Every structure is written in C-alpha cells, then in structure tokens.
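Have a look at the structure below, then the notes.
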Amino acid sequence: MSINRILAIAKKEFKHLFRDFRMLSILLLFPVFLLIVFGYAVNFDVRNIKLAVYDQNNTELSREFYNSLISSDYFQISHFIKSDSEVKVVLDEKIAQCILIVPKDFSQKFYSKENVKVQFLTDGVDGNTATIIQNYVNAATASFNSQKTNHILEQKGVKSYIPFDFQPIFWFNKDLLTTRFLIPGLIAMILVIVAVVSVSLSLVREKERGTIEQINVSPIKILELLLGKTFPYIVVALSNAIFILIVGYLLFDVEVKGNLFLLAFTTIIFLFTSTSIGIFISTISDSQQIAFTISTMVSLLPSVILSGFIFPIESMPTLIQILTNITPAKFFIKILRAIILRGVGIEAIWDQIIYLLLFAGILLMFASKIYLKKENI
Amino acid sequence: MFSIEVNNLNKTFGKFVAVNNISFKVKAGEIFGFLGANGAGKSTTIKMLCGLLEPTSGDAIVGDYSIKSQSDLVKKNIGYMSQRFSLYNDLTVKENIRFFGGVYGLEGKELNQRMEWILKTANLIGKENLLTTSLPGGIKQRLALGTAVIHKPKIVFLDEPTSGVDPISRRSFWDLINELSAEGITVLVTTHYLEEAEYCGNIILINAGNLIAEGNSKVLKTKYLQNPIYEIQCSNIVDVMELFDKSEIVDETSIFGNSIHIITNNNFVNENQIYAELKKLPNIQINKVEKIVPTLEDVFIHLLEKDKK
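Protein chains in written order, with the working numbering: chain A, 307 to 683; chain B, 40 to 348.
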C-alpha cells in the first residue's frame with residue numbers, strides 16, 4: 307500500500323471533479339435544495355385550517371362559541387354560510403376544509419339547560435389532516451364546555467376545581483416542530499446520495515472510458531484505487547453534512563445535543579457503508595447510465611421511504627418493517643436523531659454502528675467476488 | 040539476452056481455447072511484431088504478459104519476473120498502451136503525465152525530467168496545458184506512448200497502437216517507436232497493418248490461439264512461401280481470378296488493387312502455363328505478367344488459408 311499512489315489518484319479525482327462543473331454544482335447545490343424543500347415546504351404541522359361558519363342562531367353566545375375556535379392560529383374563518391344550499395358548495399369548491407353549523411336553537415337550548423348538538427363537517431379526503439382537525443375541535447369544544455360549566459357552577463356558588471389536571475410535556479422537541487425531526491435525517495439522505503451516486507459514477511466512468519486499462523497494468527492496487535477515488539467524494543459529503551448542521555442550527559434551531567466527535571465518527575462509518583454500496587454498484591454496471599439508475603433507485607427511494615426519515619417505521623406492516631433493514635440510512639438516522647436531538651452517548655447506538663459495519667463488509671465481499679470473476683472473462 | 044520468454048502459454052475460458060500452447064522469445068531491445076486476425080488471441084496473450092490475466096498453464100518471464108508468481112513486479116517493470124486511448128480526456132497533457140508519474144512513484148526533479156523527456160520525444164512542447172480531449176488522434180497516441188514509458192520500463196507492450204490513425208501520424212508514431220528501441224527498450228507491438236510489420240525485427244503470427252509462423256520478414260517470405268508468385272495486371276480481373284481459382288497450377292489467388300496475385304503449386308513449370316490459361320478467356324487485355332517477391336500480405340493470406348484447411 308502506497309500513500310503516494312493514493313494521493314496521486316485523489317489529486318486526479320479532485321481535478322476531474324472541479325473540471326466537471328455540472329457534477330460539482332449538483333453535489334454542492336443538492337443539499338441546499340433539499341434543505342429548502344424539507345426545511346420549509348415539507349411540513350406536517352396543520353395550521354391555518356380554513357373554516358366556514360354557518361351560524362343559524364346568530365346570537366352573542368354562538369359568536370362566542372366559534373370565536374373560541376379561531377382564537378388559536380389553527381383555524382381561520384374563510385367564509386360565512388348564509389343558506390343550507392351553500393353548505394355543499396363550500397366543501398365541493400374547497401372554499402373551506404371544514405364547516406361549523408350552529409343550530410337555530412343554540413342559545414335557547416343552552417339557557418334551558420338542554421344538550422345542544424353542534425354539527426361539524428370535515429373534508430375527509432386527507433385523512434391525516436381531518437383527524438388533526440377533529441382533535442383540535444374536540445379540544446376547543448372541551449375547553450369551551452368546561453369554561454361554561456365553571457361559570458354555571460360559580461353562579462350557583464359552587465367552587466369549581468379540575469379533578470385531574472393533565473399536563474403533557476414533549477421532550478427533545480418541545481414545540482413538536484417537523485423540521486427538528488427532519489433535519490438529522492436529511493444529513494443521512496444527502497450523504498447516502500452523494501456517496502452512492504458519485505462513487506459509483508466515478509468508478510464506472512473509468513470502465514466506460516477505458517481508462518481503467520491503464521490503471522490495471524500499473525502497480526496500483528485495487529484498495530489504493532478505491533481509497534484514492536472515494537476520498538474526494540467523502541470530503542464533499544462531509545462538507546455537505548457540516549453545511550446542513552450549520553444551517554440547521556442557524557435557521558431551524560436544531561442544535562447538536564450530543565458529542566460532536568461521536569457524530570463525526572458515526573458519520574464516517576456511515577460514509578464507509580454508503581461508499582461500499584457505490585463500489586458494489588460499480589462492479590455490476592458497465593455504463594454510467596446504468597450505474598446512475600441503480601444508485602438513485604438504491605440510495606434515494608429506500609432512504610426516503612423505508613428509513614423512517616419521514617414515515618415512522620413502527621406504523622408500517624411487519625413485512626415492510628423487515629424490508630426496512632435493507633437501507634443503512636435507517637440505522638444512521640436513528641444514530642443521528644439520538645446524538646443530535648437526545649444527546650445520548652455511544653452506549654445507546656453501538657448496535658446500529660455494528661450493523662452499518664456489517665452491511666459494508668458484506669457488500670464489499672460480494673463486490674470483490676464479482677470483480678475477480680469479471681477479470682477472468 | 041532475451042527480455043521476454045514465453046513457455047507453453049495456455050489460456051482457456053471454459054471450453055474455449057483462447058491461447059494454445061504458445062512459446063516464443065523476444066530479444067532485448069528489438070521491435071517484435073505480433074500479428075493475427077481479430078480474436079486470434081493477441082490481446083489475451085498480451086494481457087497475460089502484462090500480468091492482468093493469469094495463464095491456465097505455462098508461464099512467461101517478462102523482464103526478469105514470472106507472470107505467474109510475480110505479476111506485481113512485472114507490472115512495475117513494463118509499459119503498456121492499448122488501442123483505445125486510455126488517458127484522461129478531461130485532464131491536460133501535463134496533468135496526465137504527472138498522474139501516471141505519481142502512480143509509478145516518480146516525484147520532484149525526476150518527475151520533471153521525465154515530463155520534459157516525454158514532451159520533447161512525443162513532440163508535445165507548447166501543448167502542455169491543453170486538455171487532452173482537444174488533441175488530434177495521432178498526437179494523443181504519442182502522448183499515450185510517452186506516458187506508458189514514463190517509469191523507464193525495459194519492455195513496452197503496444198496493443199494496436201496505430202489503429203484509426205492517419206498515415207502521416209502513423210509514420211511519426213513509428214519514428215517514436217524506433218527511438219524507444221534505440222534507447223534499448225524492447226517493444227512488443229500488435230498491428231493489423233502489414234506494412235508496419237515490415238518495420239519489426241521479428242514477427243510471430245497467431246491464428247485461433249495457435250502460433251503458425253515466426254521469424255523476420257525475409258524468413259517469413261522465403262520459408263513459408265516457396266512456390267513462385269506471379270502478379271497479373273489485366274482487364275476483367277474478377278473473371279481472371281475465377282479462372283485461376285479453378286486452375287490446376289494455382290493454389291491461391293488474391294486481389295491487390297487492379298492486379299491479382301497467384302500463388303502457384305507443384306504442377307507449375309513455367310510462365311507459358313499462365314498465358315495458356317489466360318487465353319481461355321477471350322477479349323482479355325493483358326498488361327503484365329511478372330514473377331514477384333511475395334509481400335507479407337501474400338504470406339499471411341497463404342498461411343491463414345493453409346491453417347483453415
């Protein structure tokens with residue numbers, strides 16, 4: 307093993323990279339793009355729900371009731387419905403996502419101490435949002451109810467109290483911000499894409515252009531070639547990771563709670579794993595086109611869908627849960643969330659690290675088997 | 040004395056025999072021609088000699104090292120250039136040289152000296168900082184050859200180095216090969232151009248994995264083709280060729296431009312027989328019937344035809 311040879315290859319590879327303006331800009335702008343998309347556009351928080359109100363009662367009490375809903379920023383009133391026929395139109399034409407119908411006898415029944423039935427219609431197409439709306443309205447109604455109950459009890463001279471006061475507190479992400487959950491995963495996403503795609507492309511390019519012939523007859527060993535060729539991309543991937551951490555801290559308030567060295571160490575292990583995927587792909591593909599297609603399929607899709615980056619693995623069917631193990635990003639995202647959000651040490655993540663190493667080992671073994679076989683044909 | 044010694048080299052891929060028991064020797068400092076049709080086993084042999092492929096059986100000593108047990112040392116001591124341009128198109132001339140210098144462990148003053156030498160010998164001065172992709176094919180090949188010998192190997196393998204290169208560039212490429220040979224480097228070159236084979240000292244011809252002829256061009260022309268060859272210039276050469284194909288005094292015919300070459304057999308006594316044959320065709324205008332020294336092309340076509348039978 308010769309350091310000089312590795313350096314010569316790495317230097318050459320850097321030159322390729324800097325000369326290939328398109329590739330370089332993709333590698334550098336891609337993280338920026340993903341940060342914008344996942345930082346701002348992808349948001350699972352449901353806010354500013356458009357509410358239409360059909361107030362048939364039109365009294366002070368009815369106004370007090372629906373104003374209690376819009377006092378939070380969850381709802382905003384988009385429309386006041388005047389007639390029965392309008393109800394259907396409002397939902398059909400998406401003027402509002404939900405409709406509150408206050409019956410004619412709203413205040414009358416309330417004052418005569420009868421149970422008042424209030425209808426609440428929700429557009430159920432987006433089930434997730436509909437459920438969230440339902441929960442907001444339930445909570446708002448419950449609080450309006452208890453406020454009214456207290457009021458009545460007070461008038462009767464009964465001292466009111468709350469028998470069970472439920473006090474939920476969220477740890478690690480107290481405001482339940484989606485970005486805080488997404489940004490650590492984003493690091494894994496970008497690293498896996500940069501490492502797998504660029505490593506497989508740069509290796510296959512040598513095959514495709516025939517330059518590998520000159521390398522093969524030289525004293526360069528396969529390990530030297532791999533180290534030299536992957537080094538520049540590891541540098542790019544690491545700078546991408548650092549960039550996301552800095553932007554995450556400045557713009558999205560995501561602070562690394564755990565040890566930075568542990569973070570760097572695990573990141574390098576994950577890069578090793580992703581690189582081995584790239585190497586494996588390069589052994590089974592003969593052109594950059596094939597390599598690119600396979601790498602995006604292998605790195606992008608599972609990392610978005612199966613890694614738990616967006617969709618929680620726990621709520622997937624058992625069979626799919628088993629399938630999620632094919633993506634190393636799943637394990638690295640666990641590590642990242644653990645270190646960045648929870649600030650835990652190696653004792654909580656060592657099993658994930660072992661898995662990543664195992665994954666890389668198996669892939670490299672297969673890659674070298676295939677490589678050697680190909681040499682003989 | 041010998042810088043390459045090949046002993047009973049064999050390579051099979053499954054049932055297919057690519058190289059069948061080949062043995063030959065290459066003298067130090069000579070230009071050695073390695074000829075054969077596409078798929079004859081040339082590239083497989085060269086790959087084995089470069090330490091890229093392991094032989095199925097047999098061995099070869101390249102430089103002082105066995106290709107079987109010391110392929111790493113073989114690689115360090117040879118240069119190789121393939122027919123496909125295998126330097127980096129997106130690097131400049133200088134960067135390519137520097138990279139391969141680094142690969143062979145050259146640095147500092149030594150690397151600069153070799154770089155100067157390559158630029159000068161390959162006639163690349165003034166083009167150092169051009170991207171390789173912008174160079175014409177002939178110059179690319181000179182750069183590739185210069186780079187292949189950056190580490191001063193004793194032996195260099197050239198696998199069809201001039202295919203697809205124009206005649207003038209080919210000439211200047213051969214000047215470069217001669218220069219290397221003059222410096223004591225052994226050059227083993229494969230080619231399709233038979234006029235190039237004339238520049239080689241010794242030549243071997245392989246067909247379907249078998250070595251079918253060896254020697255210098257004079258030996259090849261006399262030893263392997265003893266019956267007289269005649270060149271006939273006339274009209275209707277296609278008819279004439281068909282005529283001689285059926286003739287009892289002729290073994291083989293082949294067209295060379297506007298004339299045909301006929302290789303006679305043992306029934307042949309003198310030229311009158313040829314004229315007698317020609318008279319069988321009316322309206323033939325005969326310009327020339329002449330006994331010639333066979334060209335290498337005649338020899339190889341003859342040998343390949345014989346090997347087929």
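Glycine included, C-beta positions come from ideal geometry on N, C-alpha and C.
Computed from a predicted model, the values in this text were never measured in an experiment.
Distance cut-off 8 Å: residue i Cβ against heavy atoms of the ligand COA
i: residue 592 of chain A; result: With respect to the ligand COA, the structure offers nothing, as it holds no ligand at all.
Neighbour list for residue i in chain A, Cβ cutoff strictly below 9 Å
i: residue 141 of chain B; result: 310, 311, 313, 314, 315, 317, 318
i: residue 129 of chain B; result: 321, 322, 325, 326
i: residue 111 of chain B; result: 525, 527
i: residue 339 of chain B; result: Correct list: empty, because the minimum Cβ distance to chain A is about 27 Å.
Contact set between residue i and chain A, taken where Cβ atoms lie within less than 7 Å
i: residue 149 of chain B; result: Going along chain A, no residue has its Cβ under 7 Å from residue 149 of chain B, so there is no contact; the nearest lies around 13 Å.
i: residue 115 of chain B; result: 525
i: residue 138 of chain B; result: 314, 318
Opening and closing residue of the beta strand (DSSP E) in which residue i lies
i: residue 293 of chain B; result: 289-295
i: residue 269 of chain B; result: 268-273
i: residue 428 of chain A; result: 425-428
i: residue 96 of chain B; result: 96-101
Residue range of the alpha helix (DSSP H) that includes residue i
i: residue 417 of chain A; result: 412-417
i: residue 186 of chain B; result: 176-187
i: residue 341 of chain B; result: 335-347
i: residue 111 of chain B; result: 110-116
i: residue 356 of chain A; result: Looking at the DSSP string, residue 356 of chain A is not in any alpha helix (DSSP H); the run it does join, the beta strand (DSSP E), is 355-361.
i: residue 330 of chain A; result: 327-342
i: residue 203 of chain B; result: Run containing residue 203 of chain B: none; DSSP gives neither H nor E here.
i: residue 86 of chain B; result: 81-88
i: residue 347 of chain A; result: Run containing residue 347 of chain A: none; DSSP gives neither H nor E here.
CB contact flag (residue i, residue j, <9 Å)
i: residue 162 of chain B; j: residue 181 of chain B; result: yes
i: residue 251 of chain B; j: residue 302 of chain B; result: no
i: residue 335 of chain B; j: residue 256 of chain B; result: yes
i: residue 613 of chain A; j: residue 502 of chain A; result: no
i: residue 439 of chain A; j: residue 352 of chain A; result: yes
i: residue 426 of chain A; j: residue 443 of chain A; result: yes
i: residue 179 of chain B; j: residue 126 of chain B; result: yes
i: residue 317 of chain B; j: residue 279 of chain B; result: yes
i: residue 597 of chain A; j: residue 542 of chain A; result: no
i: residue 229 of chain B; j: residue 213 of chain B; result: no
i: residue 358 of chain A; j: residue 396 of chain A; result: yes
Within chain B, partners of residue i - CB distance below 7 Å
i: residue 522 of chain A; result: 91
i: residue 561 of chain A; result: Per Cβ cutoff of 7 Å: no residues; residue 561 of chain A is ~42 Å from chain B at best.
Partner residues on chain B for residue i, Cβ-Cβ distance less than 8 Å
i: residue 332 of chain A; result: In chain order: nothing, as chain B lies at least about 16 Å away.
i: residue 516 of chain A; result: 121, 123, 124, 125
i: residue 526 of chain A; result: 142
Reduced DSSP secondary structure (H/G/I, E/B, other) of residue i
i: residue 457 of chain A; result: helix
i: residue 330 of chain B; result: strand
i: residue 558 of chain A; result: helix
i: residue 34 of chain B; result: The structure shown does not extend to residue 34 of chain B, since chain B is modelled only from 40 through 348, so no value can be given for it.
i: residue 306 of chain B; result: coil
i: residue 44 of chain B; result: strand
i: residue 381 of chain A; result: strand
i: residue 302 of chain A; result: Beyond the ends of chain A as shown, which are 307 and 683, falls residue 302 of chain A; an answer cannot be given.
i: residue 626 of chain A; result: helix
i: residue 57 of chain B; result: strand
i: residue 683 of chain A; result: Because the pLDDT at residue 683 of chain A is just 37, under 50, the model does not fix this residue reliably, and the value given afterwards should be weighed accordingly. Looking at residue 683 of chain A - three-state DSSP - the assignment turns out to be coil, as it is neither helix nor strand.
i: residue 311 of chain A; result: helix
i: residue 245 of chain B; result: strand
i: residue 221 of chain B; result: helix
i: residue 226 of chain B; result: strand
Cα-Cα separation, residue i to residue j
i: residue 218 of chain B; j: residue 159 of chain B; result: 12 Å
i: residue 154 of chain B; j: residue 148 of chain B; result: 10 Å
i: residue 64 of chain B; j: residue 196 of chain B; result: 14 Å
i: residue 320 of chain B; j: residue 79 of chain B; result: 39 Å
i: residue 308 of chain B; j: residue 326 of chain B; result: 22 Å
i: residue 523 of chain A; j: residue 227 of chain B; result: 15 Å
i: residue 460 of chain A; j: residue 649 of chain A; result: 48 Å
i: residue 473 of chain A; j: residue 449 of chain A; result: 14 Å
i: residue 124 of chain B; j: residue 239 of chain B; result: 23 Å
i: residue 215 of chain B; j: residue 234 of chain B; result: 17 Å
i: residue 637 of chain A; j: residue 445 of chain A; result: 37 Å
i: residue 271 of chain B; j: residue 333 of chain B; result: 13 Å
i: residue 109 of chain B; j: residue 601 of chain A; result: 37 Å
i: residue 562 of chain A; j: residue 645 of chain A; result: 7 Å
i: residue 53 of chain B; j: residue 497 of chain A; result: 42 Å
Interface residues of chain A facing residue i [CB-CB closer than 8 Å]
i: residue 134 of chain B; result: 318, 321
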